[in-house]
Each structure stands twice: as C-alpha cells, then as structure tokens.
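As given, the protein sequences belong to chains H and X, one line each in that order.
Residues in the first sequence are numbered consecutively from 1, following this note's numbering.
Residues in the second sequence are numbered consecutively from 353, following this note's numbering.
All C-beta atoms, glycine included, are put in the ideal place defined by N, C-alpha and C.
Please read all numbers here as calculations on a predicted model, not as lab measurements.
Inspection log for the structure reproduced underneath, given as structure tokens.
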Amino acid sequence: MKVIKIDKQNWTGGIDKSRENYQIFGPVKDKEHFVFKKLNLKEYPDMENALSVLSPKSILFPQSEKILAASLDESQDDHHIMKRVATDYSPRAVIGIMPCDAKAVQLVKLNFDTDDYRDPYWCDAYEATTFVGLAVNKPSIYDFTLSMGSGPFAEEGLDVLLVDCKDHFLAKVLSEKGDAFLKASGFTSEADADKSAKLINEIKNQAEKAIDAEKVKTEKLKEKSLLELHGASFWEDLSFSCINCGTCTFVCPTCWCFDIQDETKGKKAVRFRNWDSCMSPLFTLHASSHNPRAEKVQRVRQRFMHKLKYFVDKYDQGTMCVGCGRCVVHCPVNIDIREICNTMNSYEAEQA
Amino acid sequence: MDSLTDKIRTLCTGLLKDGKVDMIVGFKKGTIPMSSCPCVARTPEQAKELIWDSNCTLNLANYLTNRKEKIGVVAKGCDSRNIVNHIIENKVTRENLYIIGVPCDGMVDKRKIRALFNDDITLFSEENNKLFVETASEKKELDKQDFLKNNCTTCIHRNPVIYDELAADPVEEQKIENRFADVIKIENMSSDDKWNYFNDLIKDCIRCYACRNACPLCYCPTCFVDESNPQWVGKGQDINDVRTFHLLRAYHCAGRCTDCGACEEACPMDIHVRAFTRKLVKDSCEIFDWEPGLDPNKRPALDTFNPDDPDGFIK
Ligand code: SF4
Ligand code: SF4
Ligand code: SF4
Ligand code: SF4
C-alpha cells in the first residue's frame, strides 16, 4: 500500500493548493462546539479529532435541501412542472472525518443507493466527495466504535487515512480518489511502506487499547427473536425519561430519515427535503389521522430496534450504529445506547 | 449531597412500601460523568437507585403531565413552581401528588466545567460546595458557586414553594441585586443590534425541539410547529421559520416560565434560549407584579381580567 508523508509545515499550503480543484469541508470550532462545514479560504480543518456535535452526514445529506422547483406562472410552458434545481456537485473533499463517520456514510449508502433506486441528490454528492479521514490516536471516553464494526483506525469508506505522527502525517492511500486528492494537494513524497506500516500499527494498537471493546456487546443481536425483543417489557421504563426531542437522531451519522415539504412564494414553488426523526409523533402520522407510533414508548423502541435489530436482520452488515458516542453525550436525559444495546443483546424472553 | 440522597431514598422507599403512592418520579445516576437521568421507581427496590446531586438539572414537573397515578415526586425549587403551574392548568391534581421538596443550592453548568479541560471528564464528585473533577490527565478542585447554571445564579426561590415533606432544612434564599441585568442589557440595544443579537443566537438551531420538549409548560397535544393541516410554520432551516418557532415558543411561556433552565440544559447546540423567556419573566414581574408558580390558588397574569386595569385597551 502506498503511504505518503506530509510534513505538518506543508499542511496548510497543501490544503490551499487543493482548493484549486476541490471544495474543502472539515471540522472547525464555532462558538463553543465543533461543526463540519464548507471551509472558506484561510480556514483549515481542525485536526484534533474533536467530536463535532453534528456528524458530517450533512455534507451529503443537508438538514434542509432544496431538490426540485417549479414555476406557477401559467404563461410559462413548463409551469407546475417540478425540475431538479442546480446544485454544485464539483469535487469536494472532507478532511479530518473520523473513521467511524466514514463507515456511517457507507451504511447510509445502503439506503440511498440500491439496485432498485438511486437517490440522485445523495448519490451525486457522494460521487463528488473524497473522504480524507483522520485516525483517532486518543479515543474519547464515549468512543465505542470497536464494538460496532468500526474503530479508531478503521478504513472502510475512506479514500485516505491520515495518521498523526507528531511532526508529520502519514497518509495511507486507500483509493484512486484519495490518490488524486493527494496529488492535487502536492503531497507526493512517498514514505517507506514497511516502516510506516509498522509505525501506524503501533499507534493504532495504542489507540485501540484505550477503548474497552467488551463494554458493549452485539454478537447475539442477530439470533434474538425480533418479535420477542419488540414485545419485551423493558421498553416501558427505559423510555420513561425520553422527551422525544430527536436530538439523538439529528446528531447521529447513520440516521437517514427525511421529510418532503413543498413551499410556495409568489409564482415559485420549491420542494425541500428536511431531516426527520422517528422520535417525532408527526413522523408517522397518517393522513387519516391514525398514528401507528402514537406513544412515546413505540417511538423509542423504533429507534433502537431499527439501529440494533431491523437493520442487522435486513442487511446483514452489523448494526446501524458505528459507536461514535454523539447521542450518548447529547441526549438531555442520558438515554444511553450502549446500555440499551447490552440489554437487547442479553435479553431472554420472559416466561409467560 | 449524600445525606440528601439517603433521605430521599428513605422517604421514597417508605411511600412505596406504605402504598401511599403508585410511583416515584426522581433522578437516578447517569451513565456518564456529570449526568443524571429522570426515572420512575415503582418498587422500594427501585427507589434505592434514586440520587440527588448538582446534576439533577432537568425539571421533573415535565414527567407529571396528564398522569393519573398517585405520584411521589422529588422537587427542587423550580420543579415545585412548575408543579404549581401544572395544578393551576389542570395538568395534574394536588391530591394525586406527594411532593418531596428538596431545598436547592444550585445546579452546576456542565458546559462551563467541560470547557476548563482539554480531555473528557472521567470523574465528578462534590462535597460541601466543592467540586472535584478529573480527566485522564488533570484534576481540579472547584468552588461550586463559580460554576452554577446561569439561571441558578439569579434564582430567588431555591426552596420548594409547595411540598408534603422536605428532604432537608430550607436553604437561605439569595439576595440578588439586579436580577434582570442581562435582560436590561438587551433592552438597551438598538433595534438593529437586537435583531443581530437574536439572529446570531439562533443561527445554530437545528430545530430538534429539545428546548420545547424539556419544558413542563410545553404540553400542547400538537405544537404549532408540528401542525400540518394547516401548516403554520415552514419546517426547513430558513431563518424566518426558526425565528418564528423561538418567538412563539417564548410567548406561549409568558407569565408561566419559572426560569428553571431545563430548555437550555437540553439544547444540544448550547443555545441560550432563555434570552427570549427572561424578558417575559421580567415583564410579568414588572407590569403585572406576577411571579409564576408560587401559589396554586391564584390565577395567572394572562388569565385574569381586572375591571380596574390601568390599560385602556382592554375595557
Ligand atoms: S433518546 Fe434522548 S436525545 Fe433521543 S429523543 Fe429521547 S430524550 Fe431526545
Ligand atoms: S446511534 Fe449514537 S453512537 Fe451510534 S452512530 Fe448514532 S449517534 Fe453515534
Ligand atoms: S433545543 Fe436548541 S437546537 Fe433544539 S430547537 Fe431548541 S434551541 Fe434549537
Ligand atoms: S421556558 Fe425554559 S426556563 Fe421557562 S419553564 Fe420552560 S424550560 Fe423552564
């Protein structure tokens, strides 16, 4: 595998060079917290693995995205015909994304890019994007990625994996897209493959040791009976404290649900796609006014069953949680998916 | 704090054992440092998990809305005031409640404390107004007084206003010199500055509605922002829609908000949403001489008509 050495003193220069060919996205501090956003000239991604409140999913799947538009002016031939709006899909690079967030993109892809259906908005953005990940040398105490099929140095979904080696980065080139990005940045100095593999491995082992992979267990989720889990009595008390705010779904890199809204102003109509949340009662409200998930307990159960059981069964690709820890940190009432996962994983049906 | 925890456990275990209540609503220890989790205890065994510390920040009145059981509820000053609101607004009856009042000397602001450290906080404990905070690389001893939540620093009702039993002796109430200094600062801004101030305040809002959902006042079966037929407010991130949400939410809390700070505590984006409601707290205080949630037998300011009203428009 090709490994490029990037001296940190050349870092910002390289980023600036890459701007000739790429829009650059990355994490930056805004007020008190970190956000992933499109960086302006002279803005550089923070390379400290700070856990952004919102995941980078919005780069492909904005919270509110204009997708179609039409004219309501009947003197126009194409009035009332919805057409795709022009969106900038020129090449973009997401720099400093954590490996688990890159894996999350692959999970979201299962939903937006299927054999039967290709979501053009998400897929076009995905194809335009190069993912330049930053390995997590010092995992946070909330990181449980190793239990969820990812890890601080996981490569799935990345085009480049950067490893911070104090005065330089080692960049593992993982795809052609990644190779192209590094070239466009002027990062071309190849490192000795064996030596760097060894060094990366040492840092990786150190990082992985900081995470207790035994703390969260998932291995029995698949064999559990879906109906028994669904009917389990623990949901009632477990959901008691939930205020159904949806924070957990908004901060989550893998939550992919959305709502479609039309808005008109004067002679213009626009169709939007907005993030939605299974925690909201409106999410499942039918036009008939029936709501199949009218109760809080049903909504809480849905979120965790989807992430930890329905998804597991449907795709056979592990859980729909990558263990980033965002919902653990930000749930205002401390509903902790790590505990719920263990509860589900060790659940034995109650004797009737 | 530990003695409070013990006392609450003893009281609640007793209430459940004697069948005086069907359930207790209180706090249990959170799974991460500096957190607590609102919980329900239905058996004496479960009541042993109840705790009390400076992280019991949310407002438990929020969990009583429309419940029909006989409930024992652990309530600090602001929770007790929202319970009074709930009684006045027929969201719960006094007879169905057994209120275990907790005189409160303030909750701590976990964001202020987190900001002092580079690493994640791994341990938090407290004793006699001192906080002991640890990360993997650092250890600090802090004065609790310096890290109180914003609303706790201006609170003048630390002692529960309504209760069946107190878990400790009442604490001394704070004498606050200029309780609304923050509001006055905004009032004194020019219109343009105010406009910019509030636009900047809400610029990161993701409309998760945690602020609304953490608030005991927000119990409408369908909130105006969720109404879909007709739809009053756009659902995207347009600043006009976000602003509409915030202004209307605040006005719906006028004369009812106790400044408990649950809204702010719940916000994942650290938005100071009390900047909206504080102005209304000040106005109800100054214009109507009204402090919400103090007396279940008085009708709220916006719910009464007075023939002697000094304002001509109402007659
Ligand atoms: S689990 Fe927590 S974050 Fe998610 S909706 Fe419930 S209260 Fe909000
Ligand atoms: S469920 Fe929570 S921990 Fe898992 S990926 Fe989503 S936000 Fe991260
Ligand atoms: S909790 Fe914060 S982010 Fe969520 S709607 Fe309220 S102000 Fe906005
Ligand atoms: S608006 Fe905020 S401060 Fe006022 S009662 Fe509601 S949660 Fe408490």
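- For residue 118 of chain H, the number of other beta carbons within 10 angstroms of its own is below 16, and it is reported as exposed.
- For residue 1 of chain H, the number of other beta carbons within 10 angstroms of its own is below 16, and it is reported as exposed.
- For residue 305 of chain H, the uninterrupted alpha helix (DSSP H) run begins and ends at 296-305, by DSSP.
- Under the rule that a run must span 3 or more residues, the beta strand (DSSP E) segments found entirely inside the segment 487-546 of chain X read 491-495.
- At a C-beta separation below 8 Å, residue 586 of chain X has these neighbours in chain H: 261 and 263.
- Following the DSSP letters along the chain, one finds residue 601 of chain X inside the alpha helix (DSSP H) bounded by residues 591-604.
- With fewer than 16 neighbouring CB atoms inside 10 Å of its own CB, residue 85 of chain H falls in the exposed class.
- Distance from the Cα of residue 158 of chain H is smallest, within the candidate group H:139, H:133 and H:87, for H:133.
- According to the DSSP assignment, residue 342 of chain H belongs to the alpha helix (DSSP H) that extends over 337-345.
- Proximity of the beta carbon of residue 278 of chain H to ligand 2 is not indicated: no heavy atom of the ligand is located closer than 6 Å.
- Taking C-beta atoms under 8 Å as the contact rule, residue 538 of chain X and residue 549 of chain X qualify, at a distance of about 6 Å.
- Bridge partners of residue 197 of chain H according to DSSP: none are assigned.
- Within chain H, the residues 241, 333 and 334 have their CB atoms less than 7 Å from the CB of residue 389 of chain X, given in chain order.
- Residue 178 of chain H and residue 185 of chain H have their C-alpha atoms roughly 11 Å apart.
- The beta carbon of residue 17 of chain H sits closer than 6 Å to those of 185 and 186, all from its chain and outside the five residues before and after it, given in chain order.
- Within the segment 101-146 of chain H, the runs of beta strand (DSSP E) that reach at least 3 residues and sit entirely inside it are, in chain order, 129-134.
- If you ignore the 5 residues before and after residue 143 of chain H, its C-beta comes within less than 6 Å of the C-beta of 211 and 325, all in its own chain and listed in chain order.
- Residue nearest to residue 87 of chain H within the set H:52, H:328, H:128 and H:101 is H:128 (criterion: CA-CA distance).
- Residue 53 of chain H belongs to the set of residues whose beta carbon lies under 7 Å from a beta carbon in chain X.
- In the structure shown, residue 333 of chain H falls within a coil segment according to DSSP collapsed to helix, strand and coil.
- For residue 633 of chain X, the enclosing alpha helix (DSSP H) stretches over residues 626-640.
- The C-beta of residue 290 of chain H has fewer than 16 other C-beta atoms within 10 Å across all chains shown, which makes the residue exposed.
- Annotation: the continuous alpha helix (DSSP H) that includes residue 466 of chain X extends over 462-466.
- In this structure, residue 499 of chain X keeps its C-beta atom at 7 Å or more from the C-beta atom of residue 527 of chain X.
- Remark: C-beta atoms of residue 321 of chain H and residue 148 of chain H approach each other more closely than 7 Å.
- DSSP, read as helix, strand or coil, puts residue 377 of chain X in strand.
- Between residue 614 of chain X and residue 368 of chain X, the gap from beta carbon to beta carbon reaches 7 Å or more.
- Between the beta-carbon of residue 514 of chain X and that of residue 648 of chain X there is about 7 Å, and that keeps the pair under the 8 Å contact cut.
- Out of X:442, X:421, X:487 and X:357, the CA that lies nearest to the CA of residue 572 of chain X is found in X:442.
- Inclusion of residue 585 of chain X and residue 577 of chain X in the CB contact set at 7 Å is warranted, their separation being smaller than that value.
- Here residue 559 of chain X carries a coil assignment [DSSP, helix/strand/coil].
- By the neighbour-count criterion, in which a residue is buried when 16 or more other Cβ atoms sit within 10 angstroms of its Cβ, residue 398 of chain X is buried.
- Only residues of its own chain outside the window of five on either side were considered, and among them 453 have a CB closer than 6 Å to the CB of residue 518 of chain X, listed in chain order.
- For residue 477 of chain X, the three-state secondary structure derived from DSSP is strand.
- Shown here for residue 181 of chain H: same chain residues with a beta carbon closer than 6 Å to its own, the five before and five after excluded, namely 93 and 130 in chain order.
- For the C-beta of residue 274 of chain H, the chain X residues within less than 7 Å are, from N- to C-terminus, 587 and 588.
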